[in-house]
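Some notes on the structure that comes next.
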Amino acid sequence: MEEDEDMWKRVWYMRAPTKIKMFLWRCLHEIIPVNRVLTHRHMPVDPICPLCGLAEETPSHMLLNCVRASKVWVLSPLQVRPELVETRIMEEALDEFNLFLQATKTNQSCSQRAILESRPLWVPPDPGVLKINVDGVFAARTRKGGVGVVLHDFEGKILGATAVPMHE
Numbered sequence: 000m001e002e003d004e005d006m007w008k009r010v011w012y013m014r015a016p017t018k019i020k021m022f023l024w025r026c027l028h029e030i031i032p033v034n035r036v037l038t039h040r041h042m043p044v045d046p047i048c049p050l051c052g053l054a055e056e057t058p059s060h061m062l063l064n065c066v067r068a069s070k071v072w073v074l075s076p077l078q079v080r081p082e083l084v085e086t087r088i089m090e091e092a093l094d095e096f097n098l099f100l101q102a103t104k105t106n107q108s109c110s111q112r113a114i115l116e117s118r119p120l121w122v123p124p125d126p127g128v129l130k131i132n133v134d135g136v137f138a139a140r141t142r143k144g145g146v147g148v149v150l151h152d153f154e155g156k157i158l159g160a161t162a163v164p165m166h167e
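In terms of numbering that gives the first Met the number 0, the sequence shown opens at residue 0 and continues consecutively.
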């Protein structure tokens with residue numbers, strides 16, 4: 000439990016933009032819509048990572064363990080080595096938190112339950128058309144940034160992706 004508390008403190012007190020801290024918090028709580036989370040929410044998706052096909056797509060897999068993620072980290076100016084990041088503690092904490100959430104949901108009365116329909120946020124292009132999603136970031140203080148690009152087909156299959164650091 001002490002390790003979990005230390006992890007939360009490290010996230011909240013790190014010197015990073017709030018949106019980065021919120022993203023990490025969501026990863027640690029398995030709130031981001033990776034395939035394993037969507038499967039647990041009864042959405043009809045395969046829990047296996049669509050990029051590598053080697054493991055369930057969890058936040059830690061998506062960010063650190065996937066061979067595609069490793070390639071992005073190699074290109075990153077941050078010099079992060081995912082193979083050195085300990086994910087076991089994070090995954091154990093997430094599993095315990097998820098068990099707690101399931102237990103509290105089970106103990107609620109039926110009148111308090113609500114069935115929520117969820118819609119995918121990403122909309123595929125028309126058949127035969129490709130879709131490019133682009134995101135970027137720029138830190139004015141350091142005058143550095145980066146751009147990420149993902150190319151999808153009409154079935155949602157990722158055809159290619161890249162991340163490019165940018166600086167003066």
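Where a beta carbon is used, it is the ideal one built from N, C-alpha and C, also for glycine.
- Out of 22, 58, 134, the CA that lies nearest to the CA of residue 162 is found in 134.
- For residue 38, the uninterrupted alpha helix (DSSP H) run begins and ends at 34-39, by DSSP.
- Within the same chain, 142, 143 come within 7 Å of residue 166 by CB-CB distance, once the 5 residues on both sides are set aside.
- Looking at the DSSP output, residue 138 shares a beta bridge with 143.
- Separation of residue 139 and residue 17 (C-alpha to C-alpha, rounded to the nearest whole angstrom) is 16 Å.
- Under the three-state reduction of DSSP, residue 17 is assigned to helix.
- Proximity to residue 24 across 36, 34, 8 peaks at 8, based on C-alpha coordinates.
- For residue 53, the three-state secondary structure derived from DSSP is coil.
- Put simply, the backbone Cα of residue 12 is about 27 Å away from that of residue 65.
- Residue 131 and residue 147 have their C-alpha atoms spaced approximately 10 Å apart.
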